[in-house]
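Heads up: the sequence lines are chains R and H, in that order.
For the first sequence, position 74 (counting from the first letter as 1) is numbered 218 according to the working numbering, and the numbering increases by one without interruption.
For the second sequence, position 45 (counting from the first letter as 1) is numbered 63 according to the working numbering, and the numbering increases by one without interruption.
The beta carbon of each residue, even a glycine, is placed where N, CA and C say it ideally should be.
A quick note: this is a predicted structure, and the numbers were derived from the prediction, not measured.
Reading through the structure tokens given below for one structure.
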Amino acid sequence: GAGVSQSPSNKVTEKGKDVELRCDPISGHTALYWYRQSLGQGLEFLIYFQGNSAPDKSGLPSDRFSAERTGGSVSTLTIQRTQQEDSAVYLCASSARAVGAEKLFFGSGTQLSVL
Amino acid sequence: AQSVSQHNHHVILSEAASLELGCNYSYGGTVNLFWYVQYPGQHLQLLLKYFSGDPLVKGIKGFEAEFIKSKFSFNLRKPSVQWSDTAEYFCAVKPGGYNKLIFGAGTRLAVHP
């Protein structure tokens, strides 16, 4: 597609349920990032994928969070046993190369609400 | 740990006023610096970036930012704002040797006609 696509755009779930968030990066972009934006806070880095290299998972807040990227393209962020503090906008971004040489292209995000 | 501080959370200006948004980071090594902007209802997009060379960087829509290494700062400026500049502005830093961009908390700018 022309841009980074995320789905769903909104997700309401009950505490304790698992959720999956999807990101389709721009075709050909090798780098993919997940960020979380909570109300009144900046963008919190979660995880970074670059090509076939091992992902940088240093930002995942707990072992309830995981992400995978299949075939170097689509990525899925999974949150298990959701908690109310997981409520936030989850943003995906992709770039043609590692950050520092190319800019990030962001999706419109998934608004997650945990009741 | 590396961090980015944006001093103003909300700024309200009248059209034609000058703008300066503060950004400071905590990292002693080489950095790449960015300002991103999110207009209402739109995606985050790159406004300008600094990698090396001239510390005064010009971006889109008349924005510029100055990297002052001694102050660990990368303030965003515009001499005369327009109503269409109403948006949220994020400063971001990529420390050398790291993959991730570290973002500040953002500054919401409202420009009144």
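Exercise. Using a Cβ cut-off of 7 Å, pull out every chain H residue sitting near S230/R, in sequence order please.
Key: In the sequence as presented, Ser is not what sits at residue 230/R; that position holds Asp. Result: empty, since nearest Cβ-Cβ is about 19 Å, beyond 7 Å.
Self-check item: Where Q228/R sits in the DSSP three-state scheme
Solution: helix
Practice problem: Go through its chain and collect everything with a Cβ distance to F249/R's Cβ below 7 Å, but skip five positions before and after it. | Solution: G147, V148, I170, A237, S238 and S239
Self-check item: For F90/H: DSSP bridge partner residues
Solution: For F90/H, which the question treats as bridged, DSSP gives no partner whatsoever.
Quiz prompt | 9 Å Cβ cut-off: residues of chain H touching S257/R | solution = The premise fails here: S257/R is roughly 19 Å from chain H at the closest Cβ pair, so nothing lies under 9 Å.
Practice problem: Taking only beta-carbon positions, decide if N26/H is within less than 8 Å of chain R. | Solution: no
Quiz item: K201/R touches chain H at which residues, Cβ-Cβ below 9 Å?
Solution: Residues of chain H passing the Cβ test: none, with the nearest at roughly 11 Å.
Quiz item: Closer than 8 Å, Cβ to any Cβ of chain H: which residues of the region 189 to 222 of chain R, in chain order?
Solution: F189, Y192, Q194, D200, S202 and G203
Quiz prompt | Own chain residues within Cβ distance below 7 Å of P152/R, not counting five before or after | solution = T254
Quiz item: Leaving out five residues before and five after D168/R in sequence, what residues of the same chain have Cβ atoms less than 6 Å from its Cβ?
Solution: S149 and V218
Quiz item: Hey, quick one: how far does the beta strand (DSSP E) through R126/H stretch, first residue to last?
Solution: T125 to H130
Self-check item: Contacts that L183/R makes with chain H (C-beta to C-beta distance below 9 Å)
Solution: Those within 9 Å of L183/R in chain H number zero; the least Cβ separation is about 11 Å.
Practice problem: Check S23/H in the structure and name its three-state DSSP category. | Solution: strand
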